[in-house]
Amino acid sequence: MAKIKYCLHCGEELSVKNINGKTYLACSSNNREYVHWDNPIPVVAAIVEHQGNIILARNKKWSPRMFGLITGFLEKGESPEKAIIREVKEELNLDARLEIMIGVYPYPEQNQLFIVYHMTADGEIRIGEELAEVISSPPEKLRPWPLGTGLAVKEWLEKRGLKAS
Ligand SMILES: [Zn+2]
């Protein structure tokens, strides 16, 4: 994620400031102080079930053996539900329905917050331009990764009585 260096209001360089024991970038050059709070960014994610299998995707920027859920940012004014339906369409060309919201998972490593859904989807998979490839896996063969959306996969498997291996 790009780091902000300059004040959005006056263009002065931001300086480090301590507020309640945490470190922020801030500008005090004008009367109204600007603090770059760097709040976590919400990211929607989906366990997409297609013909009984779960679709995992590899982003073009990822290493060859790295696969994950379908994820994306919300557009301006967009609800999380609309956003994840749009992302599944854009990235897989599938028409997806929300089944359940699995949960909300902090991902401090990237200053993000995942909102994770289980969705069922119909159609022919055709991958979008952000993806290198997808794989489809029976749910019981999923091996959840120990952070971020992997925690949602683990919980979802457990709720279905499938032990995460
Ligand atoms: Zn300023």
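Residues in the sequence shown are numbered consecutively from -18, following our numbering. Glycine included, each C-beta is placed from N, C-alpha and C at the ideal position.
- Shown here, residue 67 sits in a helix according to DSSP, grouped into three states.
- Contact between residue 105 and residue 74 holds, since their C-beta atoms are separated by about 7 Å, short of 8 Å.
- Between residue 136 and residue 84, the CB-CB gap stays under 8 Å.
- Distance from residue 114 to residue 72 at the Cβ level is roughly 12 Å; contact not present, criterion being Cβ atoms closer than 8 Å.
- In terms of side-chain proximity, the C-beta atom of residue -10 is found nearer than 7 Å to a non-hydrogen atom of ligand 1.
- In the three-state scheme derived from DSSP, where H, G and I count as helix and E and B as strand, residue 42 is classed as coil.
- Under the three-pair Cβ rule at 8 Å, the region 125 to 140 counts as touching the region 88 to 99.
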